[in-house]
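Top to bottom, those sequences are chains A and B.
Numbering of the first sequence is given in this note's numbering, commencing with residue 490 and proceeding in unit increments.
Numbering of the second sequence is given in this note's numbering, commencing with residue 8 and proceeding in unit increments.
All C-beta atoms, glycine included, are put in the ideal place defined by N, C-alpha and C.
Quantities reported herein were computed from a predicted structural model and do not represent experimental measurements.
Worksheet: the structure to be examined is printed underneath.
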Amino acid sequence: MQPLWSQQAVPRAADIISTVEFNHSGDLLATGDKGGRVVIFQREQENKSRPHSRGEYNVYSTFQSHEPEFDYLKSLEIEEKINKIRWLPQQNAAHFLLSTNDKTIKLWKISERDKRAEGYNLKDEDGRLRDPFRITALRVPILKPMDLMVEASPRRIFANAHTYHINSISVNSDHETYLSADDLRINLWHLEITDRSFNIVDIKPANMEELTEVITAAEFHPHQCNVFVYSSSKGTIRLCDMRSSALCDRHSKFFEEPEDPSSRSFFSEIISSISDVKFSHSGRYMMTRDYLSVKVWDLNMESRPVETHQVHEYLRSKLCSLYENDCIFDKFECCWSGSDSAIMTGSYNNFFRMFDRNARRDVTLEASRENSKPRASLKPRKVCTGGKRKKDEISVDSLDFNKKILHTAWHPAENIIAVAATNNLYIFQDKVN
Amino acid sequence: MVGGLKRKHSDLEEEEEDEKWDWGPAGLRSYQQALLRISLDKVQRSLGPRAPSLRRHVLIHNTLQQLQAALCLAPAPALPPEPLFLGEEDFSLSATIGSILRELETSMDETEPPQNPVAPPGPQNEVLPQPDPVFLEALSSRYLGDSGLDDFFLDIDTSAVEKEPALAPPEPPHNLFCAPGSWEWNELDHIMEIILGS
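Here it is, written out as structure tokens:
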């Protein structure tokens, strides 16, 4: 059954949202923004007295993850914008996540405190120190309940390992290591060790003039802890096996679709640049996003993708304009549904696209406050590419290219999606029970 | 920035769509040159307080090389000579493009010392048509000593001037070497381009 999406209202964020990520259970949703802040939402428990609020996400914790910095040696500003957040699998009551800006990765611990100690001997309730000579009797402090407080504290800071801008982090299935990738290098870290990392991929040429390709995204395989992939600005994906050698400069598999000579233009390379790569939950497939399409690859077949889905093919005739206004460099992300049966990615005009792989159907939806009332169903949208524009269609020339949906996330088990549109977060849930 | 250089994107797009664009050799060359100007403009604009995006830089650089190759390979039209990028002008463009990534590297990676650009020889014996003075002026003002870009393009100044050791005196008199960024520098370079071009 095709889901009917209803919208939950979320207050406007302070800054442009730059990353969105559900945790492994889907109960927590983290967002990072351009101002270096992380906001975590928690799903409300089911409540019989308020049936409509089932599964609503409310703010759970907010903290400043990164601050702007200045590199005095190179006279360059380092942006505090959070590029990526990745959750660690939960091992105890606390939650851990990695957040990164261009240069530094931080491990944050988010924990709840709902009790406090009372009856200290050396200080009174205000916190003022008591005069030890006045103490005539000792007591044991007791724990009393208090209003729930959520605390975020930085546990590790992984710094000074990247000369270029970090675009990806990925936690390994061994739960001990993770990788971080910048434009030219990929490093392997141990979560406990901050003063050392191993370089596992280095594509920097000896002569920078020969540089023609950069790393755009990287991810660990969900089950095989020795396998990871990285994508490039030339539309290629390399799968590497860390068992084969310490420095994975030589790939185990090389995925590239041969170019269609009939559609070649000066922009062919730019639009082939892969902006995101994601393994399926099953680990058998991976998905890549380039400027105009989403492709699903079978890891056993390197010659071409098994599926290609057009996101906004009507933009192909507008590439010159999009090159001039820089939109052609926008990096869209993509995500799988929990069962891998559907994939989702963003577009312009606050549109996002969903592809049902089994039913071979796709839909365009819009994230907008004006058009959707909370709990009303989303209406499919259509872009008119030429000829007579039907009612409710929008023409290509009316699209707002400043309203871009770059970041989306899908709940790991249910049909709940999070869509970031500039500084608005939209959460949609499937009404069909 | 020189006025009238930059075509409005709506013009470019309109002509593409309505197919009023003359897709003959002259029209195609105009389109390619427009793309070239847009690309060079992008490189200039990407400088700022933050380290530029390497991905964006590399993609633009690759596009520039494609455009350069296309403009070199295209045969000269029989009709009124279009501005072309051959010989010396093409050479200085190569040096410019090559220097962009080198300068980017030195600005981002402290361990690599800046290399002096080695000037590859351009084709000396071809007949060189008249270069587009408007474009060359823009090129020289942007890349050869523009005061806002001193840190980025100082090396390019030297390579463009020193590419013809036979022509340049080994110990130039003081009055010929003005400060980069001054109007005399731009004028001198402009004159040199025309001299070498004819």
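CB contact check: residue i to chain A, cutoff 8 angstroms
i: A76/B; result: no
i: Q51/B; result: no
i: A33/B; result: no
i: P47/B; result: The question names Pro, but residue 47/B in the sequence shown is Leu. Taking Cβ atoms only, chain A never reaches closer than 8 angstroms to L47/B, which makes this a no.
i: Q73/B; result: yes
i: R63/B; result: yes
i: S37/B; result: no
i: R57/B; result: yes
Top-ranked residue by Cα proximity to residue i, from the options
i: F647/A; options: N661/A, D620/A, P621/A, S686/A; result: S686/A
i: N547/A; options: S751/A, F709/A, Y915/A; result: Y915/A
i: E855/A; options: C823/A, N847/A, L888/A; result: L888/A
i: T895/A; options: G521/A, A498/A, E699/A, L517/A; result: Here residue 895/A turns out to be Leu, not Thr, going by the sequence shown. Minimum Cα distance to L895/A is reached at G521/A.
i: D560/A; options: P711/A, E569/A, L618/A, E699/A; result: E569/A
i: V795/A; options: Y774/A, Y812/A, Y803/A, D815/A; result: Y774/A
i: T853/A; options: R878/A, E882/A, K877/A, G875/A; result: E882/A
i: S721/A; options: F709/A, E758/A, L736/A, C714/A; result: E758/A
i: N891/A; options: F744/A, V703/A, K871/A, N839/A; result: N839/A
i: R645/A; options: N676/A, L493/A, L562/A, T683/A; result: T683/A
i: S741/A; options: D749/A, M833/A, C729/A; result: C729/A
i: K868/A; options: T593/A, P557/A, R858/A; result: R858/A
i: I929/A; options: K871/A, V885/A, M833/A, N912/A; result: With chain A covering only 490 through 922, there is no way to say anything about residue 929/A.
i: H584/A; options: E614/A, K633/A, H513/A, R617/A; result: H513/A
i: K563/A; options: L66/B, A58/B, R44/B, R36/B; result: A58/B
Outcome for residue i when other beta-carbon atoms lying within 10 angstroms are tallied against a minimum of 16
i: M790/A; result: exposed
i: R602/A; result: exposed
i: R526/A; result: buried
i: V629/A; result: exposed
i: L788/A; result: buried
i: P747/A; result: exposed
i: I581/A; result: In the sequence under discussion, the amino acid at residue 581/A is Asn, which differs from the Ile named in the question. With fewer than 16 other Cβ atoms within 10 Å, it is exposed.
i: T551/A; result: exposed
i: M638/A; result: exposed
i: Y609/A; result: exposed
i: D749/A; result: exposed
i: Q553/A; result: exposed
i: S642/A; result: exposed
i: K893/A; result: buried
i: E702/A; result: buried
i: S669/A; result: buried
Cβ of residue i within 8 angstroms of any chain B Cβ
i: D819/A; result: no
i: V872/A; result: no
i: I658/A; result: no
i: H555/A; result: no
i: L700/A; result: yes
i: V703/A; result: yes
i: S866/A; result: no
i: E748/A; result: no
i: I763/A; result: no
i: I759/A; result: yes
i: Y653/A; result: yes
i: E568/A; result: yes
i: S722/A; result: yes
i: D779/A; result: no
i: Y812/A; result: yes
i: D613/A; result: no
i: F755/A; result: yes
i: D672/A; result: yes
i: L895/A; result: no
i: L936/A; result: The displayed coordinates of chain A run from 490 to 922. Any statement about residue 936/A would go beyond what the structure contains.
Extent of the continuous alpha helix (DSSP H) to which residue i belongs
i: S826/A; result: Here S826/A belongs to no alpha helix (DSSP H), and DSSP marks it neither H nor E.
i: D48/B; result: 32–52
i: E813/A; result: 808–813
i: I759/A; result: 757–761
N- and C-terminal bounds of the beta strand (DSSP E) containing residue i
i: R858/A; result: First-last for R858/A: undefined, no H or E at that position.
i: Y719/A; result: 716–721
i: S60/B; result: Neither: S60/B is in no beta strand (DSSP E) and is coded neither H nor E.
i: K871/A; result: 871–873
i: Y774/A; result: 774–778
i: E510/A; result: 506–511
i: T797/A; result: 796–799
i: N913/A; result: 913–919
(message) My parser needs the alpha helix (DSSP H) runs of 4 or more residues fully inside the region 527–615 of chain A; what are they?
(response) none
(request) Starting from the N-terminal side, write out each stretch of the alpha helix (DSSP H) that is 4 residues or longer and does not extend beyond the region 661–707 of chain A. (result) List check, alpha helix (DSSP H) in window: nothing returned.
(request) Tell me the start and end of each unbroken beta strand (DSSP E) in the region 623–667 of chain A that is at least 3 residues and wholly inside, in chain order. (result) 631–647, 657–660
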